[in-house]
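Reminder that position 298 of the sequence shown reads as 298 in the UniProt record's numbering, one-by-one numbering, no gaps. We put the CB at the ideal spot given by N, CA and C, even for glycine. Fair warning: this is a prediction, and the values are worked out from it, not measured in the lab. Structure, as structure tokens:
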Amino acid sequence: MSKTTYTNFDLFDGKSNEIKKSAWLVVDDETGKIDQVGTGNAPSADKQVDLKGKYVMPGMVNCHTHICMDPTAGDGGTGANVVEATVHAVQHLHDLLKSGVTYIRECGSTFDIDIELNELRKQGVLKKVPEILPSGRPYSMTGGHGDFPNFGHLVDSPDEMRKAVRTGLKKGTMAVKVMATGGVMTPGDFMADPQLSVEEMKVAADEAHHKGRIIAAHAEGNPGIMNAIKAGVDSIEHGFYVNDEEIDLMLKQGTYLTPTLVADWAIPEYGEGKMPDWEIKKAADALDDLYKNIIHAWKRGVPITLGTDAGTPFNDFTMTPVEFELMVEQGATNFDSLETSYNSAKLMKIDKEYGTLEPNKYADFLVLDNDPLADVKAVQQADKAVYKKGVQVY
1 MSKTTYTNFD LFDGKSNEIK KSAWLVVDDE TGKIDQVGTG NAPSADKQVD
51 LKGKYVMPGM VNCHTHICMD PTAGDGGTGA NVVEATVHAV QHLHDLLKSG
101 VTYIRECGST FDIDIELNEL RKQGVLKKVP EILPSGRPYS MTGGHGDFPN
151 FGHLVDSPDE MRKAVRTGLK KGTMAVKVMA TGGVMTPGDF MADPQLSVEE
201 MKVAADEAHH KGRIIAAHAE GNPGIMNAIK AGVDSIEHGF YVNDEEIDLM
251 LKQGTYLTPT LVADWAIPEY GEGKMPDWEI KKAADALDDL YKNIIHAWKR
301 GVPITLGTDA GTPFNDFTMT PVEFELMVEQ GATNFDSLET SYNSAKLMKI
351 DKEYGTLEPN KYADFLVLDN DPLADVKAVQ QADKAVYKKG VQVY
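In structure tokens:
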């Protein structure tokens, strides 16, 4: 059984708020898992790779992506046909991995494309892509957020939801996504609009949990956020207007919060003259509230995950590291922001094998020129080396 020892680097293991100097790690070449991690003199191995004094950190876990969407289109490219959407998705998976994202949770794909691509990935047909926790198509009410052609499962009662979710789970859904409120990208609805009911979402949560799956709720305003928490979802996505009453219940139930700061920031930052004024105004009006409410929830102890809503307008698939920078700008430390990636792994129930660089976990790691704990923008390095299971892929 051959092993490779990586030497001569400084390590951020993803779990401890420290850089371990003169580190090494030994990877089992057959399994792609870490055998040992340490500092000082490295043990001998069949192969040895000198990382030349650079910095190593875990691959990022992005728990909110939309790989079929087109971030250059004002509507997210939701009208694409199945061939076009698939081509976009494959390219976006490559972009994610090249940027340092080694595992994603998809949060809504047209035509269930993510489920099919994940099967091809597991078969070894689709290469140089992150691991995928697929969602398939999300669940929305008729006329609600996500009511796009070939995108949302449209459900209008608890019974319709039960049938639709069971069908999705049969197809291969690993992470159910429901729409609890309106949103930015759908004309005619708003963040404060409650959409799917508590009863409808509770059915979805029950069915997901019966299968050991997780469930996320798109929930931006009130009372939709509270409805989703009461329904028993595992994570609130966006949570722009999360309040103390909702935070109390999230803390009690262990609910995660995925802010997707970069998604809202990108629209007013890059959208002027390129997309409808109503869409820019929705995003711009919410941005300061989003920052304030998310940071308040984080300070109260709600676990914050790393998710970007990649695929929404001007929010491309290389921008995951920008989410860290936006968190730091709002008062988080560099370590606090980086820790959101490990929280994503915990939400996704993959933290026993991913998210940190420890023995018996997969050797998914990034090699950076600069220290990410000193400056979180170090992760934005365009030409970083990316390793999956101990093999350099970029």
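Exercise for review: For the beta strand (DSSP E) holding Val-367, just list the boundary residues, first then last.
Suggested key: Residue 367 sits at position 367 when you count from the first residue of the sequence shown. Element bounds for Val-367: 365 to 368.
**Study point:** Span of the beta strand (DSSP E) around Asp-35
**Key:** Counting from one through the sequence shown, the residue named residue 35 turns up at place 35. Where Asp-35 is concerned, the enclosing beta strand (DSSP E) stretches over 34 to 39.
Point to revise | Member of His-238, Leu-257, Glu-160 whose CA lies at the smallest distance from the CA of Glu-200 | key: Mapped onto the sequence shown, residue 200 falls at position 200. Cα-wise, what sits closest to Glu-200 is Glu-160.
Exercise for review: May I ask which residues mark the beginning and end of the beta strand (DSSP E) holding Pro-58?
Suggested key: Against the sequence shown, residue 58 aligns to sequence position 58. For Pro-58, the uninterrupted beta strand (DSSP E) run begins and ends at 47 to 58, by DSSP.
Practice item. Determine the closest residue to Phe-111 out of Leu-96, Ile-104, Lys-127, Pro-134, with distance taken between C-alpha atoms. Key: Translated into positions along the sequence shown, residue 111 becomes position 111. With distances taken between Cα atoms, Phe-111 lies closest to Pro-134.
Practice item. Using the DSSP secondary-structure output, state which residues sit across from Thr-258 in a beta bridge. Key: On the sequence shown, residue 258 is found 258 positions in, with the first residue counted as 1. In DSSP, Thr-258 forms a bridge with Glu-237.
Point to revise | Simplified DSSP assignment, three categories, for Gln-195 | key: Within the sequence shown, the letter at position 195 stands for residue 195. Coil, per DSSP.
**Study point:** Rounded C-alpha distance that separates Glu-245 from Ala-219
**Key:** The sequence position of residue 245 within the sequence shown is 245, counting from 1. The sequence position of residue 219 within the sequence shown is 219, counting from 1. Distance between the alpha carbons of Glu-245 and Ala-219 is about 15 Å.
Review point. From what residue to what residue does the beta strand (DSSP E) around Gly-5 run?
Key: One-based indexing of the sequence shown puts residue 5 at position 5. Per the sequence shown, the amino acid found at residue 5 is Thr instead of Gly. Segment 3 to 11, the beta strand (DSSP E) holding Thr-5.
Exercise for review: Return the chain-ordered list of same chain residues with a C-beta closer than 8 Å to the C-beta of Gln-195, the five sequence neighbours on each side being excluded.
Suggested key: Locating residue 195 in the sequence shown gives position 195, counting from the first residue. The answer, listed in chain order, is Ser-140, Met-141, Gly-144, His-145, Met-179, Ala-180, Thr-181, Gly-182, Asp-189, Gly-224.
Review point. Residue range of the beta strand (DSSP E) that Arg-105 falls in?
Key: If you number the sequence shown from 1, residue 105 lands on position 105. Element bounds for Arg-105: 101 to 106.
Review point. Can the beta-carbon of Gly-38 be found less than 7 Å from the beta-carbon of Ile-115?
Key: For the purposes of this step, residue 38 is taken as residue 38 along the sequence shown, with counting starting at 1. For the purposes of this step, residue 115 is taken as residue 115 along the sequence shown, with counting starting at 1. No.
Check your understanding: At what residues does the beta strand (DSSP E) containing Leu-120 begin and finish?
Key -> Residue numbering aside, residue 120 sits at position 120 when the sequence shown is read from its first letter. Per DSSP, Leu-120 belongs to no beta strand (DSSP E); it is in the alpha helix (DSSP H), 113 to 123.
**Study point:** Close-in-space but distant-in-sequence residues of the same chain around Ala-263 (CB under 7 Å, 5 per side omitted)
**Key:** Looking up residue 263 in the sequence shown gives position 263. The residues are Thr-308, Asp-309, Thr-312, Asn-315.
Check your understanding: Can you tell me the Cα-Cα spacing of Val-203 and Glu-119, whole angstroms?
Key -> For the purposes of this step, residue 203 is identified with residue 203 of the sequence shown, where counting begins at 1. For the purposes of this step, residue 119 is identified with residue 119 of the sequence shown, where counting begins at 1. About 27 Å.
Check your understanding: Between the C-alpha atoms of Met-327 and Met-60, what's the straight-line distance to the nearest angstrom?
Key -> Counted from its first residue, the sequence shown places residue 327 at position 327. Counted from its first residue, the sequence shown places residue 60 at position 60. Their Cα atoms are separated by approximately 15 Å.
Review point. Hey, how far is the Cα of Val-155 from the Cα of Thr-305?
Key: For the purposes of this step, residue 155 is identified with residue 155 of the sequence shown, where counting begins at 1. For the purposes of this step, residue 305 is identified with residue 305 of the sequence shown, where counting begins at 1. Computed Cα separation, rounded: 28 Å.
Exercise for review: Apply the 10 Å Cβ neighbour rule to Ala-231 and answer buried if 16 or more other Cβ atoms are within range, or exposed otherwise.
Suggested key: Sequence index remark: in the sequence shown, residue 231 carries index 231 (1-based). Buried, since its Cβ has 16 or more Cβ neighbours within 10 Å.
Practice item. Counting only the same chain and skipping the five closest in sequence on each side, list residues whose C-beta sits under 6 Å from that of Thr-65. Key: As a first step, residue 65 is located in the sequence shown; it is residue number 65 there, counting from the start. The residues are Ile-104, Glu-106, Ala-310.
Practice item. Leaving out five residues on either side along the sequence, give the residues of the same chain with a beta carbon under 8 Å from the beta carbon of Ala-73. Key: For the purposes of this step, residue 73 is taken as the residue at position 73 of the sequence shown. Closer than 8 Å at the Cβ level, and outside the excluded window around Ala-73, lie Pro-313.
Exercise for review: State yes or no: is the C-beta of Ala-363 within less than 7 Å of the C-beta of Ile-34?
Suggested key: As a working note, residue 363 is residue 363 in the sequence shown. As a working note, residue 34 is residue 34 in the sequence shown. Result yes, Cβ atoms of Ala-363 and Ile-34 sit closer than 7 Å.
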